[in-house]
Every structure is written in structure tokens, then in C-alpha cells.
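Step one of this worksheet: look at the structure below.
Number of protein chains: 2
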Amino acid sequence: MDTVKVIEIKKSVFEDNDRDADRLRAELKGKGVYLLNLMSSPGSGKTTTLIKTINLLKEKLRIAVMEADIDSDVDAVKIKEATGIDTIQLHTGGMCHLDAEMTRQGLDNIGLEGLDLVILENVGNLVCPAEFDTGASRNAMILSVPEGDDKPLKYPLMFSVCDVVVINKMDAAALFDFDLAKCRANIAMRNPKAEVIPISAKTGEGVELFAEWLLNEVNNWKNK
Amino acid sequence: MDTVKVIEIKKSVFEDNDRDADRLRAELKGKGVYLLNLMSSPGSGKTTTLIKTINLLKEKLRIAVMEADIDSDVDAVKIKEATGIDTIQLHTGGMCHLDAEMTRQGLDNIGLEGLDLVILENVGNLVCPAEFDTGASRNAMILSVPEGDDKPLKYPLMFSVCDVVVINKMDAAALFDFDLAKCRANIAMRNPKAEVIPISAKTGEGVELFAEWLLNEVNNWKNK
Numbered sequence: 000m001d002t003v004k005v006i007e008i009k010k011s012v013f014e015d016n017d018r019d020a021d022r023l024r025a026e027l028k029g030k031g032v033y034l035l036n037l038m039s040s041p042g043s044g045k046t047t048t049l050i051k052t053i054n055l056l057k058e059k060l061r062i063a064v065m066e067a068d069i070d071s072d073v074d075a076v077k078i079k080e081a082t083g084i085d086t087i088q089l090h091t092g093g094m095c096h097l098d099a100e101m102t103r104q105g106l107d108n109i110g111l112e113g114l115d116l117v118i119l120e121n122v123g124n125l126v127c128p129a130e131f132d133t134g135a136s137r138n139a140m141i142l143s144v145p146e147g148d149d150k151p152l153k154y155p156l157m158f159s160v161c162d163v164v165v166i167n168k169m170d171a172a173a174l175f176d177f178d179l180a181k182c183r184a185n186i187a188m189r190n191p192k193a194e195v196i197p198i199s200a201k202t203g204e205g206v207e208l209f210a211e212w213l214l215n216e217v218n219n220w221k222n223k
Numbered sequence: 000m001d002t003v004k005v006i007e008i009k010k011s012v013f014e015d016n017d018r019d020a021d022r023l024r025a026e027l028k029g030k031g032v033y034l035l036n037l038m039s040s041p042g043s044g045k046t047t048t049l050i051k052t053i054n055l056l057k058e059k060l061r062i063a064v065m066e067a068d069i070d071s072d073v074d075a076v077k078i079k080e081a082t083g084i085d086t087i088q089l090h091t092g093g094m095c096h097l098d099a100e101m102t103r104q105g106l107d108n109i110g111l112e113g114l115d116l117v118i119l120e121n122v123g124n125l126v127c128p129a130e131f132d133t134g135a136s137r138n139a140m141i142l143s144v145p146e147g148d149d150k151p152l153k154y155p156l157m158f159s160v161c162d163v164v165v166i167n168k169m170d171a172a173a174l175f176d177f178d179l180a181k182c183r184a185n186i187a188m189r190n191p192k193a194e195v196i197p198i199s200a201k202t203g204e205g206v207e208l209f210a211e212w213l214l215n216e217v218n219n220w221k222n223k
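Here the protein sequences come in this chain order: S and F. Going by numbering that gives the first Met the number 0, the first sequence runs without a break in its numbering and finishes at 223. Going by numbering that gives the first Met the number 0, the second sequence runs without a break in its numbering and finishes at 223.
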């Protein structure tokens, strides 16, 4: 089994997270590194989605992953084994979110030299991570079909801050009476600009659309 | 459509939540009211499980529900319509959990006279609600099959503080390669005393076991 580096994240000392996040975003831009902050509920399929997406992109982009969890390294090991790319595990020590300074601690441990894209898999939680700007270039979230098409009504901030909403486990839509049109309308109510990409990480359907969105994003970030 | 009372919860001023929670638990005990704190991820099926459980118990116990959400009243209205019992909606104003004082604000608005059981549906979040004692007689959680059998590894505190873990959406176990034995072992690692009750709120299978557990709990609480 592969082993991954495990970083115990320390609580931030900065009081003004928004300013710190803007500073980090500018630094990353200067280095040509795109940072994607990926958020979701526990069990939405973030890890499987990432593995399939990275395998579609790893010949085109130099990618690293930071896997944030309260405990355990299972996801980081899984990603490293399935993709071969650099992956580190961030342990939040019980903290329910990451902020910019905590993200920076992870980035310092990866080393950004030569990278195009860093993906931060945030703590599985639809509430707190939405409140803290990590300094990412863009925010993405995965909503999974079994969670229900009404989630944008109940977790408004999360849907408001995300540039793209990936809807995963579409292969189970019939079993869970999931109404994609209703879900799109609920997302649009919170965030009319959000891209919505339905996929099934299990069957692979639609994953290439998310990979394409991400590739365009990274290329635009470098060239603007 | 039924309407429900909506309470905007205020942030607590108490610094010592544990002491406040013990005080609330003792007050409830004195009044013969059992408070169940029900936690889970977003979309685990808390509301459907509650509706079926309440319909099995409402002739035997006088029950009220407090439905906590960051926003929206959809679940509270659904429970009131499907069970006919008293239901109020607590709006947390963006807060990711409830503590004892916030729970008390809800209880004051229900009125405890004549009640046997109050069910608090906590904010959908596997992280923060586990950190705050609400003053409940017992903590329960619902883990749903699509979230995966590895969740006890990733959210250790939540599984440690729960007296019972209901595993919902068992009808979808095959589709999601969910291993119940592995899940039981993972739960036992965090909390060897936790009861584990597999159910499907959709088909109704197993819900009577959870209802029975709860009925015994309430009766023991009154008689001890």
C-alpha cells in the first residue's frame, strides 16, 4: 500500500481570513498554479470523482491533491494508488473547515514548483467550509443524488459560493426519485451563475465534462 | 399546506455549555420528558425516518418535534402534515450546530406540559453537532448507505457520542456495495456500546426496531 505524507494542520492565527485568502490567491496566480476547493457532504463521492477526473487530466496538467480529513488517511492513499500523482493528507484535528492559512500550511508541504493544478478536498460538511475562503481560484461542490434535490434550499451559503456544482450518482436517480430539473432550479435560485454538471463517478458518465470544465479553467487562469 | 411556528435561534451567551447541558437534562428528567438529539449528514433520510417512527409511536407517547435548519421550513411542514404532531422549526441563522441554550430556546417555544418525548432534528452535519452537548437524554445518528461503510473512520467524534446508529437506505445496499458487517466493525471501533439498527425508511423495513428502541428508552427514562 502506498503511504502518503500526513500534515497535522494548526489553527490559524490570522484574524482577517478574507484578506489572507486574497493574498494567497494572488500568490498562486503569480506562480501559475490553479487551486480548486472541492466541498461536499460526507459520502458524496468526492474521492471517486477526483480519481476519474485526474486520470483524464494527468497527461495534460501537472496535478497534486491535498486531502483534508478530521482523521484517517484512507482517501489520500486511495487517490495516490489510483492516479500515481502527489497526494498529501491534511489532518484538521477536529476542525470542521479549512481557512486560507490552513490551506497555505498544506501548500507549503506540497511545494508548488512545476504544478498547474492543486485540488483541495475540503472536510465533508455542507455548512462550515462555505464560510471560509481558502484562497482557492474557484470553489466546486459535489451534491450526490441520494442527498436529494432540495439541498440548495437547506444549505444556501454552500450553493451561493460555488462556481460549479457536480451532481454525482446520477445512475441512482430513479431509485431516489431525484428530479434533475427541480435540482437545477433550486441551485439557480441560490446561484444563477453556477455551472451544473450531472455525472456518475461510478459508471464514468459525464466525468469528461467536469474534466473539460476544469482544464478550461486552469488554462484561462494561466493566460489571463 | 400546514404552517409551522418558526423560531429564530439566538447565539448562546453561556460559556460553559457542558454544565448548562447537564442542567437542562436534569430539568427534563424532573418533568418526565425524554429529549432525543438526532444527528446525521445532509440527505441521510432523517425526516422520512422520523415520520415513520412517529406514526408507529404516536398512540403510545405524546411527541413533539423541533426541526433545526439553517434555512427553509420544508422538513417541519412535511413532518406536521404526515404525522399531525406538534412541530416547530428552529432557524440557526447560519450556525452549524445547536448547543444546550439554543435547544432550550426551542423547548421554551414548544411547552413541555404533557409531553413524553421531544425529538430534536439537529443541523445536517457530521462534524460540529457532535461537539456540543444539547442536554438531550440520548444522542442518535442516522448514517445512510450511499455515504459508505467507512464513515466511522472519518468522523470519529460523531460515532463516539451516539448511543444508537440507525443505518438507513438499506434497500440500496447492493447498488452502493455497502458492507454492513464492515460498517458495524467500524462503528464498534469508535463506540463498542452503540446500538446499530439497519432500516429502510423508504420501504419501512426495520423502522419498528428503532421505534421499539425509542419506546423502551422513554419508558426507562420515566421510571428510573
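Where is the CB? At the ideal position from N, CA and C, for every residue including glycine.
Within the same chain, 46, 49, 50, 64, 66 and 86 come within 7 angstroms of residue 78 of chain F by CB-CB distance, once the 5 residues on both sides are set aside.
Neighbours of residue 113 of chain F across chain S, judged by C-beta separation under 8 angstroms, do not exist; the nearest C-beta is about 31 angstroms away. Nearest to residue 139 of chain S by alpha-carbon distance, out of S:161, S:111 and S:128, is S:161.
Within chain S, 42 and 145 have C-beta atoms less than 8 angstroms from the C-beta of residue 143 of chain F, given in sequence order. For residue 60 of chain S, the secondary structure class from DSSP, reduced to helix, strand or coil, is coil. Neighbours of residue 95 of chain F in chain S, taken as residues at a C-beta separation under 8 angstroms, are given in chain order as 95, 124, 126 and 127.
Taken in chain order, the whole alpha helix (DSSP H) runs of length 4 or more contained in the stretch 137-213 of chain F are 150-153, 155-160 and 179-189. Per DSSP, the continuous beta strand (DSSP E) segment holding residue 34 of chain S begins and ends at 33-39.
Between residue 71 of chain S and chain F, the shortest Cβ-Cβ separation is below 7 angstroms. For residue 66 of chain F, the secondary structure class from DSSP, reduced to helix, strand or coil, is strand. About 18 angstroms separates the beta carbon of residue 91 of chain S from that of residue 23 of chain S, a gap too long to meet the 8 angstroms contact definition. For residue 175 of chain F, same chain residues with a beta-carbon under 7 angstroms away, outside a window of 5 residues either side, are 144 and 145 in chain order.
In its chain, beyond the 5 residues on either side, 56, 59 and 60 have a beta carbon closer than 8 angstroms to the beta carbon of residue 214 of chain F.
Beta-bridge analysis with DSSP links residue 6 of chain S to S:89. For residue 120 of chain F, the three-state secondary structure derived from DSSP is strand. At the C-beta level, residue 186 of chain S and residue 158 of chain S come within 7 angstroms of one another.
Collapsing the DSSP output to three states places residue 126 of chain F in coil.
DSSP places residue 106 of chain S inside the alpha helix (DSSP H), whose first and last residues are 99-109. If you check each beta-carbon in the stretch 159-182 of chain S against every beta-carbon of chain F, the ones closer than 7 angstroms belong to 168, 171 and 174. Among the residues of chain S, those whose CB is under 8 angstroms from the CB of residue 156 of chain F are 69 and 93, following chain order. The three-state secondary structure of residue 19 of chain S, taken from DSSP, is helix. Taking the C-beta atoms as reference points, residue 195 of chain S is found nearer than 7 angstroms to residue 164 of chain S. Residue contact check for residue 79 of chain S against chain F: no CB pair falls below 7 angstroms.
Using a CB distance cut-off of 7 angstroms, residue 49 of chain F does not count as an interface residue toward chain S.
Here the stretch 118-128 of chain S lies against the stretch 121-139 of chain F, with 3 or more beta-carbon pairs under 8 angstroms apart.
When secondary structure is reduced to three states using DSSP, residue 84 of chain F falls in the coil class, being assigned neither helix nor strand. In the three-state reduction of the DSSP assignment, residue 135 of chain F falls in the coil class. A check of alpha carbon separations from residue 166 of chain F across F:76, F:39, F:33 and F:135 identifies F:39 as the nearest. Between the C-alpha atoms of residue 37 of chain S and residue 97 of chain S there is a straight-line separation of about 11 angstroms.
Taking residue 183 of chain S as reference, the option from S:197, S:134 and S:170 with the minimal CA-CA separation is S:197.
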